[in-house]
């Protein structure tokens, strides 16, 4: 029996990150590969109390089928939150609760992508977004970018370089994988260029709350509301295991997004929505998120020290001002993909940066997460990575790459 | 700002059932429209205890990102269950945990449907499946069917009538919307015809456990394992609010289904999977499901009595042997869609049957759920429906339809 697969299925591939994560689940590996938030930050007691309260107060409603739009109080909370924190001006009826912001990406792809139609992405960009959009067969257009994000000039040229671009996918805050944050002036320029070019924006913001020294500022969506879809997530500030996020869309677009959601899974578990709302409704996040920031900042500092101490001086990187990742460019002659097996053998793991490019991957780049391990483990892990890199550089010197 | 929508988005429509459900949420409406299981059947105490236990024993694992395949013990449970109950012979690595079986339909569509390629469905069929597949732009082929399900002759003709059919979507047990069950001989004939025609089968089985007098027998998938995808669900036997189901696929197809799952939402909430596993692992369902059957059978009996007592004698229907629905064909001259507003005004709701047809809708058909209301409410609701129908027939007699 041979199954005939859809044309789009040929373009789908296993997640390299998930494959790496499987390898690194071996005991004893110090993994800096995964984008897993520290499980020390999960508010277990609060979640447990909330489960109990929801099942005591509203057992029937929380266990029954529910509205595809999401739990109304949670939608109100999300609208109020982005309005207060990110300079937005949205109403609860623009909020669609999703099964993680990954599902938001899938739904966006479903309603906006056509075979061969361009979708512009940062260089590099979040691998999971490439995977979510790929089944809808867009033509990815890689936007020239610097350490502040995509160049507004590249966006202004889109009508010529990638006519009919359906949207740009942008991560302004502590981007995965680079950790970079878009300054206010770049946000202004990017969104002005987007609006002038008539190219809408899908803004993904899973890391925005994880700033260490200063709030990264108003969202991209706040600058061009009718041309933006905003994706929020509870995965990095509460728990990823509940798979809870939300999409905020212009009113004209919302009904299509909702239809896509209904077709995809009817609705996100009502129980999970109610439990999360119960945990956060009285300002819990205002106390909780600062504790995550403090922890991750200490980890970032530990990794910065370890990198300085142990990695070859020719490694290029910038210290991230928030989020979860260091993005490192190896010295010339080194290849992160080829080095990964040696690193795993030595007891550590990272993600090769090549996975994050829509085109022309940089084989010298790699991503290190600083939030899963403790500062002591980070010191040990980066020291091991340093040894692997120094050894490779030494052997490279003996047998130079052609 | 005008967003350019994907070609597929034009074919997506709001769920008529969900729109009806909104209308019928008005207080005082006796709704027989929704396919909602009775919330009296939700095992609240067991779920509450399981939430507590999971968060006590495995807080970090249950709240962290998890494997896309699903929670291993739950996959083992599902494989053992279908092997023991449905004559199947599958291994846990063929089980993919999904966010409800609705997501299973979406993933199947994603990997198997191409624009214009035929997908064969029963006449009528589950509306949610039509909605899940539609964004992938198949050409639906409506299989001639009788009260035992699709005709094997119609399947045998597929290579001629719908060449290149990607799969048949079949609900053998207490089908939504008709309530019909496929007898063993029909299953044999259908699957022999499918195999001879080389057309694989997607078997959806949300209602199979809800039999009243006798087990409906081995699954379709058990008859042609390498040509079948089986979809199971916890929505009707435990809780729909957790959004938990599973797909069982041949090993050759599994990796593509898994890639589609990763792209769609990374994984189904690990917490929910662990809680459900904790509830069911020691045989709870063997005690719980019989109590649901007894309740639904009493409701079915109440509705059967009420229909006999109150509906016009010319209504056509068969008494369902399980599941959740009566399927009623109104007397000639009546139109279920036109009658719905009158019914809602009179205080009841149903779903017009036309929504369940891929082509040539039967405007005389309607679906009544017997599991959401109590027997007394069913008697009242069906009496009201009877009055609406008798009034309509009388006015039809006065002013004959042209």
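Residue numbers (this note's numbering), protein chains in the order written: chain S, 408 to 809; chain D, 408 to 809. Ideal Cβ placement from N, Cα and C applies to all residues, glycine included.
Name, going along the chain, the residues of the region 458-473 of chain S whose beta-carbon falls closer than 7 Å to a beta-carbon of chain D.
Under the 7 Å Cβ criterion, the region 458-473 of chain S contributes 458, 459, 462, 466, 467, 469, 470, 471, 472 and 473.
Against chain D, does residue 697 of chain S count as a neighbour if the rule is that its beta carbon must be under 7 Å from one of theirs?
Position 290 of the first chain holds residue 697 of chain S. Among the residues facing chain D, residue 697 of chain S is not included, as its CB has no counterpart in that chain under 7 Å away.
Could I get the ranges of all uninterrupted beta strand (DSSP E) runs contained in the region 644-700 of chain D, with 3 residues as the minimum, in chain order?
Taken in chain order, the complete beta strand (DSSP E) segments of 3 or more residues contained in the region 644-700 of chain D are 652-655.
Could you tell me how far apart the beta carbons of residue 538 of chain D and residue 524 of chain D are, in whole angstroms, since I believe they sit closer than 8 Å?
Here residue 538 of chain D corresponds to residue number 131 of the second chain, with the count starting at 1. Here residue 524 of chain D corresponds to residue number 117 of the second chain, with the count starting at 1. Under the criterion of beta carbons closer than 8 Å, residue 538 of chain D and residue 524 of chain D do not qualify as touching, at roughly 18 Å.
Inside the region 581-619 of chain S only - alpha helix (DSSP H) runs reaching at least 4 residues
DSSP runs (the alpha helix (DSSP H)) wholly in the region 581-619 of chain S: 591-604.
Pull up the CB-CB distance for residue 664 of chain D and residue 654 of chain D, whole angstroms please, since I reckon it's below 8 Å.
The residue given as residue 664 of chain D occupies position 257 in the second chain. The residue given as residue 654 of chain D occupies position 247 in the second chain. Residue 664 of chain D to residue 654 of chain D, Cβ: 6 Å. Contact.
Considering only residues of the same chain and omitting the five flanking positions on each side of residue 730 of chain S, which have a CB-CB separation below 6 Å?
Looking up residue 730 of chain S in the first chain gives position 323. 581, 586, 614 and 617.
So which of D:750, D:772 and D:652 has the shortest CA-CA distance to residue 513 of chain D?
Mapped onto the second chain, residue 513 of chain D falls at position 106. By alpha-carbon distance to residue 513 of chain D, the top candidate from D:750, D:772 and D:652 is D:652.
Residues of the region 653-666 of chain S with Cβ closer than 9 Å to any Cβ of chain D, in chain order:
Correct list: 657, 659, 660, 662, 663, 665 and 666.
Own chain, CB closer than 7 Å to residue 647 of chain D, minus 5 neighbours either side, in chain order
Position 240 of the second chain, counting from 1, holds the residue named residue 647 of chain D. If we look at residue 647 of chain D and ignore the five residues flanking it on each side, its Cβ neighbours are 444.
Which complete alpha helix (DSSP H) runs does the region 495-580 of chain S hold, if anything under 4 residues is left out?
As far as the region 495-580 of chain S is concerned, its whole alpha helix (DSSP H) runs of at least 4 residues are 507-519, 534-540, 559-563 and 565-568.
At least one CB of chain S closer than 7 Å to the CB of residue 595 of chain D: is that the case?
As a first step, residue 595 of chain D must be located in the second chain, where it is residue number 188. Chain S places no beta carbon closer than 7 Å to that of residue 595 of chain D, leaving this residue out of the contacts.
Three Cβ pairs or more, each shorter than 8 Å: is that satisfied between the region 634-642 of chain D and the region 667-675 of chain D?
Segments in contact, no.
Apply the 10 Å Cβ neighbour rule to residue 679 of chain D and answer buried if 16 or more other Cβ atoms are within range, or exposed otherwise.
Stepping through the second chain from its first residue, residue 679 of chain D is reached at position 272. By the neighbour-count rule (16 or more Cβ atoms within 10 Å), residue 679 of chain D is buried.
Taking CB distances under 7 Å as the criterion, tell me whether residue 546 of chain S reaches chain D.
Reading the first chain from its first residue, position 139 is the one you call residue 546 of chain S. Judged by the 7 Å Cβ criterion, residue 546 of chain S is not in contact with chain D.
Could you run through the region 609-637 of chain S and flag, in chain order, every residue whose CB is less than 7 Å away from some CB of chain D?
Residues 633 and 634.
Quick one: is residue 513 of chain S near chain D, going by C-beta distance under 7 Å?
The residue labelled residue 513 of chain S in the question sits at position 106 within the first chain. It does; some Cβ of chain D falls within 7 Å.
Under the three-state DSSP convention, the category residue 629 of chain S falls into
Walking along the first chain from the start, residue 629 of chain S turns up at place 222. In the structure shown, residue 629 of chain S adopts helical secondary structure according to DSSP, grouped into three states.
Less than 7 Å between the beta carbons of residue 610 of chain D and residue 628 of chain D, yes or no?
As a position in the second chain, residue 610 of chain D is number 203, starting the count at 1. As a position in the second chain, residue 628 of chain D is number 221, starting the count at 1. Between residue 610 of chain D and residue 628 of chain D, the C-beta gap is smaller than 7 Å, which places the two residues in contact.
Any chain D beta carbon closer than 7 Å to residue 639 of chain S:
In the first chain, the residue the question calls residue 639 of chain S occupies position 232. The beta-carbon of residue 639 of chain S is placed no less than 7 Å from the nearest beta-carbon of chain D.
Does the separation of the CB atoms of residue 588 of chain S and residue 623 of chain S fall below 7 Å?
Here residue 588 of chain S refers to the residue found at position 181 of the first chain. Here residue 623 of chain S refers to the residue found at position 216 of the first chain. Yes, Cβ-Cβ distance for residue 588 of chain S and residue 623 of chain S is below 7 Å.
Entirely within the region 454-492 of chain S and at least 3 residues each: give me those beta strand (DSSP E) ranges in chain order.
None, since the region 454-492 of chain S contains no complete beta strand (DSSP E) of that length.
Three-pair Cβ contact test at 8 Å for the region 744-759 of chain D versus the region 772-787 of chain D:
Touching, per the Cβ criterion.
Let's test the definition: count the other Cβ atoms within 10 Å of the Cβ of residue 442 of chain S and tell me whether it reaches 16, buried, or not, exposed.
Counting from one through the first chain, the residue named residue 442 of chain S turns up at place 35. Classification of residue 442 of chain S: buried, given that the 10 Å Cβ count is 16 or more.
What does the Cβ neighbour count give for residue 797 of chain D, buried or exposed, with the cut at 16 atoms within 10 Å?
Here residue 797 of chain D refers to the residue found at position 390 when the second chain is read from its first residue. Residue 797 of chain D comes out exposed.
Span of the beta strand (DSSP E) around residue 735 of chain D
Stepping through the second chain from its first residue, residue 735 of chain D is reached at position 328. 732-736 is the extent of the beta strand (DSSP E) around residue 735 of chain D.
Check whether the Cβ of residue 525 of chain D lies closer than 7 Å to any Cβ atom in chain S.
To locate residue 525 of chain D, count along the second chain from 1; it is residue 118. Residue 525 of chain D does not count as touching chain S.
At 8 Å on the CB atoms, spell out the chain S contacts of residue 517 of chain D, in chain order.
As a first step, residue 517 of chain D must be located in the second chain, where it is residue number 110. Within 8 Å of the CB of residue 517 of chain D, the CB atoms of chain S belong to 413, 415, 416 and 542, in sequence order along the chain.
Enumerate in chain order the residues of its own chain whose CB-to-CB distance from residue 750 of chain S is below 7 Å, with the five nearest sequence positions on each side excluded.
In the first chain, residue 750 of chain S corresponds to position 343, counting from 1. Cβ within range, chain order: 756, 757, 792 and 795.
Could you tell me if the beta carbon of residue 634 of chain D falls within a distance shorter than 6 Å of some heavy atom in the ligand PLP?
You won't find the ligand PLP in this model; it holds no ligand whatsoever.
Is any beta-carbon of chain D found at less than 7 Å from that of residue 508 of chain S?
By 1-based counting over the first chain, the position of residue 508 of chain S is 101. With 7 Å as the cut-off, residue 508 of chain S does not count as an interface residue toward chain D.
Residue 554 of chain S burial status per 10 Å Cβ neighbour count (16 or more: buried):
For the purposes of this step, residue 554 of chain S is taken as the residue at position 147 of the first chain. The residue is exposed, with fewer than 16 neighbouring Cβ atoms inside 10 Å.
How about residue 579 of chain D: is its C-beta nearer than 7 Å to some C-beta of chain S?
In the second chain, counting from the first residue as 1, residue 579 of chain D sits at position 172. No, its Cβ sits nowhere closer than 7 Å to a Cβ of chain S.
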